[in-house]
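Undergrad:
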Amino acid sequence: MALKALSPMRWLCGLLLLVSAANALKFDLLAHPGGESLKKERCIRNFVGSDTLVVVTSTVDGYKGDGMLVNIHVRDAIGNEYGRAKDVAGESRIVFTSHADAAFDVCFENLFSGSMLSHLPCFTTPFFESIYFKPFTNTSSLLPDTKPRQNLRVVELDIDIGADAKDWSAIQATEKLKPVEAELRRIEELTGEVVREMEYLRSREQKLRDTNESTNNRVKWFGVGTTWLLVILWAWQIMYLRAYFRSKHLI
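Counting from 1, position 218 in the sequence shown corresponds to residue 218 in full-length UniProt numbering; the numbering is continuous, with no gaps.
1) Which residue or residues does DSSP assign as beta-bridge partners of His73?
2) Give the C-beta separation of Phe88 and Ser58 to the nearest angstrom, bearing in mind that I take them to be a contact with Cβ-Cβ under 8 Å.
3) Provide the residue span of the alpha helix (DSSP H) that contains Glu91, from first to last.
4) Within 10 angstroms of its Cβ, does Phe108 collect 16 or more other Cβ (buried), or is it exposed?
5) By how many angstroms is the C-alpha of Leu25 removed from the C-alpha of Gly79?
6) Would you grab the beta carbon distance between residue 252 and Ala100 for me? Rounded to a whole angstrom, and I think it's under 8 Å.
7) Would you decide whether Tyr82 is buried or exposed? Buried here means 16 or more other CB atoms lie within 10 Å of its CB.
8) For a test of the three-state rule: what should DSSP assign to Glu156, helix, strand or coil?
9) So which of Trp236, Ser98, Pro179, Ile44 has the shortest CA-CA distance to Ile72?
10) Roughly how many angstroms separate the alpha carbons of Trp221 and Ile187, rounded to a whole number?
11) Below 8 Å on the Cβ atoms is my contact criterion, and I expect Val74 with Asn110 to pass it. Report the Cβ-Cβ distance as a whole number of Å.
12) Looking at Val56: is its Cβ nearer than 8 Å to the Cβ of Ile171?
13) Within a Cβ cutoff of 6 Å, which residues of the same chain sit near Leu53, ignoring the five residues on either side of it in sequence?
14) So for Phe245, helix, strand or coil by DSSP?
15) I need the DSSP call for Thr59, collapsed to helix, strand or coil.
16) Less than 7 Å between C-beta atoms, sequence neighbours within five positions excluded: which residues of the same chain meet that for Val163?
17) Whole angstroms is fine: what's the gap from Leu157's alpha carbon to Asp167's?
18) Please name the residue, chosen from Val106, Lys86, Tyr63, that lies closest to Ala77 on a Cα-to-Cα basis.
19) Per DSSP, Arg161 is paired with what?
20) With DSSP as the reference, identify every bridge partner of Met239, one or two as the case may be.
21) Between which two residues does the beta strand (DSSP E) harbouring Ile171 extend?
22) If Leu177 sits next to Leu30, beta carbons under 8 Å apart, how far is it from one beta carbon to the other, in whole angstroms?
23) Assuming Phe27 and Val180 make a contact with CB atoms under 8 Å, what is their CB distance in whole Å?
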């Protein structure tokens, strides 16, 4: 009876663990002819701490030479560039170690290339915007003597950070660890990441609190200074008006 009562709870916990581990993304990437006026990147942003290992794994369908060229660019919010990959097809991987506590972007761009460009109308016309930025279904009435073709690539993206980015199977084989030892090692590193994250949040909270207190102090002294300035102006106006009226023999 006790086992039957616990089985739904175990099933729920297992489901939550699976959901938390599923961090991959899958999306369609539309092609475009390039140029700053028609630049259409799709970026995925994530935050990473300083000196942290990051592995960006992407799988792009299609093949090289199919008229589309997918480029990948990884950069962070403060200007550091971590990798570029051009004409990507199939699985690719970018591995880097972060230089600072900052958000980083993984950007994808799909460009028309080669013979595909010769079949396109003027890139700046509304016709192009309305037709070529949507998946083709039937274009025989729009583009005679051409076959319908897809203008998108499907991208699967997986970003592993910190302990999740390490190949624990290789570490276990290299250091000859038992499965339990490898799992404990992984949990230890995850715990260290949590501790570092808490320390970072604590330091951020301290900086924000100091900024808040400094701002409040400045506002307080600004209010005091403004009040004294108004009092001085009021006294000066009274003295000036009294002197003016006396000079005119009005008082």
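Note that the Cβ used here is the ideal one computed from N, Cα and C, for glycine as well.
TA: For this structure:
1) Arg84, Cys107
2) According to the sequence as given, residue 88 is Val; it is not Phe. 7 Å between Cβ atoms; contact.
3) Premise fails: Glu91 lies in the beta strand (DSSP E), 90-97, not in any alpha helix (DSSP H).
4) Buried: at least 16 other Cβ atoms inside 10 Å.
5) 25 Å
6) Nothing can be reported for residue 252, as the shown portion of the chain is limited to 1 through 251.
7) Classification for Tyr82: buried.
8) strand
9) Ile44
10) 51 Å
11) With 8 Å as the limit, Val74 and Asn110 do not qualify as a contact, their Cβ atoms being about 16 Å apart.
12) no
13) Thr97, Ala165
14) It is helical.
15) Per DSSP, reduced to three states, the secondary structure at Thr59 is strand.
16) Residue identity check: residue 163 is Ala in the sequence provided, not Val. Excluding sequence neighbours, Ala163 sits near Arg186, Glu189, Leu190, Glu193.
17) 18 Å
18) Val106
19) Rather than Arg, the amino acid found at residue 161 in this sequence is Ile. Ile161 pairs with Val54.
20) According to DSSP, which records beta bridges pairwise, Met239 is partnered with nothing at all.
21) Per DSSP, Ile171 belongs to no beta strand (DSSP E); it is in the alpha helix (DSSP H), 168-175.
22) With a Cβ gap of about 46 Å, Leu177 and Leu30 do not count as contacting.
23) About 38 Å; that fails the 8 Å criterion.
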